[in-house]
Amino acid sequence: MAGVTEDNCGAALRLGLLGGLKTLRRTASQTLRLRPSTSIVSALWRTGPHSHPIARAEADVNFLCSSYFYRDTILLTLLLKGVQLCGMTYRTKIMALPATSDIQSGYTARTGLSATADGGVPAIQLRDVKDEGAFDPSGLPRYALSGSFDRYWAGAGDILFRSRGERNTATMIAPEAQGAAIAMLPLLILRPHRDIVEPAYLAWFINQPETQRYFDKCARGTRLRMIPKRCLDELEVPVPDLQTQLLIVEIDALARRERELAQRLSELKSEYLSFALLAHVRNAQRHDNETGRTGARR
Numbered sequence: 355m356a357g358v359t360e361d362n363c364g365a366a367l368r369l370g371l372l373g374g375l376k377t378l379r380r381t382a383s384q385t386l387r388l389r390p391s392t393s394i395v396s397a398l399w400r401t402g403p404h405s406h407p408i409a410r411a412e413a414d415v416n417f418l419c420s421s422y423f424y425r426d427t428i429l430l431t432l433l434l435k436g437v438q439l440c441g442m443t444y445r446t447k448i449m450a451l452p453a454t455s456d457i458q459s460g461y462t463a464r465t466g467l468s469a470t471a472d473g474g475v476p477a478i479q480l481r482d483v484k485d486e487g488a489f490d491p492s493g494l495p496r497y498a499l500s501g502s503f504d505r506y507w508a509g510a511g512d513i514l515f516r517s518r519g520e521r522n523t524a525t526m527i528a529p530e531a532q533g534a535a536i537a538m539l540p541l542l543i544l545r546p547h548r549d550i551v552e553p554a555y556l557a558w559f560i561n562q563p564e565t566q567r568y569f570d571k572c573a574r575g576t577r578l579r580m581i582p583k584r585c586l587d588e589l590e591v592p593v594p595d596l597q598t599q600l601l602i603v604e605i606d607a608l609a610r611r612e613r614e615l616a617q618r619l620s621e622l623k624s625e626y627l628s629f630a631l632l633a634h635v636r637n638a639q640r641h642d643n644e645t646g647r648t649g650a651r652r
């Protein structure tokens with residue numbers, strides 16, 4: 355590890371990624387020729403008729419293996435090595451959440467909400483926010499809200515925190531989102547200080563199992579679980595430099611992509627196996643029928 359310092363850590367990561375891209379280009383022609391490992395599926399494929407469904411399944415498996423799964427796995431490995439290399443050198447500050455972001459409770463509706471076709475403002479309710487991916491507030495229903503609600507607007511780069519329910523996770527509003535909307539309780543709005551923390555990194559940290567266990571300890575209520583604002587005020591956030599935050603977010607995205615591809619690969623292999631087995635059975639049945647007819651003629 356000698357020679358890797360805090361000052362040249364970012365440069366080392368960039369060189370590692372460039373080397374990884376060169377490796378991918380150099381091995382592209384080889385990976386495009388990859389095939390699933392030899393198995394009973396391969397054996398059945400050789401004995402059965404080359405029906406179109408099986409051929410499509412095999413092509414899907416091969417394309418997935420070569421074009422996506424191996425490429426992203428290689429890049430993910432390289433990025434992880436970069437973090438391991440630099441993780442020993444960069445300084446990480448521990449900061450209370452309010453030092454990294456402004457925390458704003460959502461708007462409290464005094465009466466029941468009913469969508470209006472004319473006028474009104476778009477509003478984000480708890481049920482609108484999903485766990486995975488960034489949230490885009492465009493196209494939300496509009497409601498006639500009373501009183502002052504300027505401080506409850508949530509837009510691109512803000513984070514929505516679920517303070518009620520079994521899952522107290524965070525979702526970032528997509529950076530490319532064109533519109534904004536009023537966040538309704540029990541949603542809380544976190545507005546990260548961009549010179550300190552990247553919104554995507556902060557959302558990632560809040561969603562980590564360790565942070566979720568922290569919320570478990572300070573949650574209130576039995577039938578209706580709530581996370582008090584004090585719990586957020588006392589949450590300690592590890593804050594590395596902005597470049598490292600972006601790298602962590604990128605690695606997390608690649609890891610999720612790898613899981614998705616592995617799941618899709620498993621599904622395609624299962625489909626391929628079903629097609630191959632069915633083709634083998636039909637081929638055997640056809641052979642038995644032909645043998646029976648030949649015997650009858652004799």
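Using this note's numbering, you'd call the opening residue of the sequence shown number 355 and step up by one each time.
Each residue gets a CB set at the ideal place from its N, CA and C atoms; glycine is no exception.
As a quick exercise: from the options, pick the residue whose alpha carbon is nearest that of residue i.
| i | options | result |
| --- | --- | --- |
| ILE560 | ARG548, LEU544, ILE550 | LEU544 |
| ALA583 | ARG577, ALA573, VAL591, PRO592 | The question names Ala, but residue 583 in the sequence shown is Lys. That would be ALA573, whose Cα lies nearest to the Cα of LYS583. |
| ALA535 | ARG518, GLY466, TYR497, ASP570 | TYR497 |
| THR565 | LEU542, ARG521, LEU601 | ARG521 |
| GLY487 | PRO563, ILE605, ALA557, THR576 | ALA557 |
| ARG548 | GLY533, PRO529, PRO563, ALA537 | PRO529 |
| GLN479 | ALA630, LYS571, ALA537 | ALA537 |
| TYR506 | LEU631, PRO553, LEU608, VAL475 | VAL475 |
| CYS585 | GLY493, LEU601, ASP595, TYR568 | TYR568 |
| LEU514 | ASP595, GLN458, SER620 | GLN458 |
| ARG464 | LEU499, SER628, ARG610 | LEU499 |
| ALA531 | ARG481, LYS571, TYR555, GLY493 | GLY493 |
| TYR555 | ALA607, GLY473, LYS571 | ALA607 |
Based on the DSSP output, what are the partners of residue i in its beta bridges?
| i | result |
| --- | --- |
| ALA537 | ILE478 |
| GLU590 | ALA450 |
| LEU514 | THR525, ILE543 |
| SER455 | PRO546 |
| ARG496 | PRO476 |
| TYR461 | MET538 |
| PHE489 | ILE527 |
| ALA508 | ALA535 |
| ALA469 | TYR497 |
To which residues of the same chain is residue i closer than 7 Å at the C-beta, ignoring the five residues directly before and after it?
| i | result |
| --- | --- |
| PRO452 | ASP587 |
| LYS447 | VAL593 |
| THR523 | ASP485, ARG516, ILE560, ASN561 |
Please classify residue i as buried or exposed, where buried requires at least 16 neighbouring CB atoms within 10 angstroms.
| i | result |
| --- | --- |
| THR525 | buried |
| ASP512 | buried |
| SER455 | buried |
| GLN712 | Here the chain has residues from 355 to 652 only, and residue 712 is not among them. |
| LEU578 | exposed |
| GLU614 | exposed |
| ALA508 | buried |
| TRP638 | For clarity, residue 638 is Ala in the given sequence; the question names Trp instead. Exposed: under 16 other Cβ atoms inside 10 Å. |
| PRO491 | buried |
| ALA471 | exposed |
Excluding the 5 residues flanking residue i on each side, which residues of the same chain have their C-beta closer than 6 Å to its C-beta?
| i | result |
| --- | --- |
| LEU539 | GLY460, THR462 |
Go through its chain and collect everything with a Cβ distance to residue i's Cβ below 8 Å, but skip five positions before and after it.
| i | result |
| --- | --- |
| MET580 | SER517, ARG518, PRO540, ALA573, ARG574 |
| PRO495 | ALA469, PRO476, ALA477 |
| ALA450 | ASP587, GLU588, LEU589, GLU590, VAL591 |
| GLU552 | PRO546, LEU596, GLN599, LEU600, VAL603 |
* Complete alpha helix (DSSP H) runs within the region 524 to 584 (minimum length 4 residues, chain order) -> 553 to 560, 563 to 572
* Asked: Unbroken beta strand (DSSP E) runs of length 3 or more, entirely within the region 600 to 637: which are they?
  -> none
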